[in-house]
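*Asks:* With our numbering as the guide, the letters of the sequence shown map in order to residues 1 to 348.
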Amino acid sequence: MEQPQQIPLFFIIGRPRTGTTLLQSLFDAHPNIMIPWECQFVLNLFPAYGQITRWTEKDLERFYSDLLKQWQFSSWNIDHSRLKTDLLKCQGSRTYRDICQVVYLSYISLFPKERISMIGDKNHGYTIYTERLLRIYPEAKFIYILRDYRDNFHSVNRVDFEVPVVSLVIYKWKYFYQKALKAAQKHPDSFYFLRYEDLVSEPENYFRKIADFLDIPYLPEVFNFYKVKSRAEETYPAEVLEKHHKSLFNPINTSRLGLWKKSMSETQVRIADQVAGRYAGLAGYERKYLEFSLWIAILAIPGVFYAKSIYLLTSLFDRFPYRMREKILSKGPLLLARLFSGLFRRKS
């Protein structure tokens, strides 16, 4: 098999429920972009396979087997037999990046594709691993999408995969933003920051800016992304579509802006404003409450402590051998989330 031409990548990063899936849908509708549903296989499998430069049939068989075990990979629309065949053709001198490219290109989009000039990957967790991704893809670009931290909490409060504790959610919002800002200072040409509010208010204007950032053609037809609803319903089970934001089968609109003003209590808003701190202003959002309150700080302790514990444990587990790390991460976060949710659900 001939050496494949390496296709440049970009990553959509940010917190869940901030518009990352909307942005992914726009790119998916672009004929020159391949952007599968999220699955963190690139970083998850790198410790086990990233240093291989000559791939044997056994290496590729094991890679394929481990790939199938990756969380959310089962939701991809792919031809498994063809993917395995294409991977086995990669025996010999190949980089880890080459192998991952085969996986990306195996995804079957709901939209017609032409020549693929760029690959996209939307993964919230990649926000704290941009340096690792740049070691694999030195030319990679990152689009960090922001949303008002209070609307982010309102949205998280309506799903079951995040613990809806305001101090926890807002601390995560701040932590991810801090990580992205730090990485952008080091690699200013590789990062683009986008606010959800700007994207839905002026979609053509801001998508054109993103297209310029990625050096891809701007195509207004991407805004018809929502018209594939019937095709999606034929391809995916209802529970998968429910998980992947069925509301995106509607045109872009501003109906989800400012919902926190009616759904959050004054105490929750005070906690959110205090935990976000100066990063609210840096992101372009105005805090309702600027003064520090010791009582609010005390109320925020459980969520902030839990969030800090998560990131401390994550940095620790990242040093574990691949197999051990995979076993821990496959169940550990969910068990912790259920425990914490049971203790503090619906509290601030």
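Glycine included, each C-beta is placed from N, C-alpha and C at the ideal position.
On a predicted model such as this, the values are computed, not experimentally measured, just so you know.
Would you mind giving the Cβ-Cβ distance between Leu26 and Phe193, rounded to the nearest angstrom? I have them listed as a contact below 8 Å.
*Replies:* Actually they are not in contact, since the Cβ atoms of Leu26 and Phe193 sit about 17 Å apart, beyond 8 Å.
*Asks:* Give the DSSP-derived three-state secondary structure of Ser293 in the structure shown.
*Replies:* Note: Ser293 maps to coil in three-state DSSP.
*Asks:* Does the beta-carbon of Lys308 have 16 or more other beta-carbons within 10 angstroms, so that it is buried, or is it exposed?
*Replies:* Label assigned to Lys308: exposed.
*Asks:* How big is the Cα-Cα spacing for Asn250 and Asp212?
*Replies:* One C-alpha to the other measures close to 26 Å.
*Asks:* Taking only three categories from DSSP, how would you classify Lys122?
*Replies:* Strand.
*Asks:* Who are the Cβ neighbours of Gly19 in its own chain at under 7 Å, not counting the five residues just before and after it?
*Replies:* Correct list, in chain order: Ile145, Arg147, Tyr196 and Leu199.
*Asks:* Report the start-end ranges of each beta strand (DSSP E) in the stretch 154–209 that is 3 residues or longer and not cut off at the edges.
*Replies:* List check, beta strand (DSSP E) in window: 191–195.
*Asks:* Once the 5 residues before and after Glu57 are set aside, which same chain residues still bring their CB inside 7 Å of it?
*Replies:* Closer than 7 Å at the Cβ level, and outside the excluded window around Glu57, lie Leu88 and Gln91.
*Asks:* Return the chain-ordered list of same chain residues with a C-beta closer than 8 Å to the C-beta of Ala280, the five sequence neighbours on each side being excluded.
*Replies:* For Ala280, where only same-chain residues beyond five positions count, the Cβ hits under 8 Å are Tyr149, Asp273, Glu286 and Arg287.
*Asks:* If you draw a straight line from the alpha carbon of Leu214 to that of Ile143, how long is it in whole angstroms?
*Replies:* Those two C-alpha atoms are separated by around 9 Å.
*Asks:* How many angstroms separate the CA atom of Asn205 from the CA atom of Pro31?
*Replies:* One C-alpha to the other measures close to 20 Å.
*Asks:* According to DSSP, Gly92 sits in a beta bridge with which residue or residues?
*Replies:* Answer is Trp55, bridged to Gly92.
*Asks:* Alpha helix (DSSP H) containing Ile136: first to last residue?
*Replies:* Unbroken alpha helix (DSSP H) run through Ile136: Thr130 to Ile136.
*Asks:* For Cys100, which option in Ser255, Arg270, Gln6 and Thr314 has the closest C-alpha, if you only look at C-alpha atoms?
*Replies:* Among Ser255, Arg270, Gln6 and Thr314, the Cα nearest to that of Cys100 is on Gln6.
*Asks:* Closest Cβ-Cβ distance between Pro31 and chain C: below 8 Å?
*Replies:* In the structure shown, chain C cannot be found, because there is only a single protein chain.
*Asks:* Cα separation between Arg97 and Gln51?
*Replies:* Those two C-alpha atoms are separated by around 10 Å.
*Asks:* Roughly how many angstroms separate the alpha carbons of Trp173 and Ile108, rounded to a whole number?
*Replies:* Spanning the two alpha carbons is a distance of roughly 32 Å.
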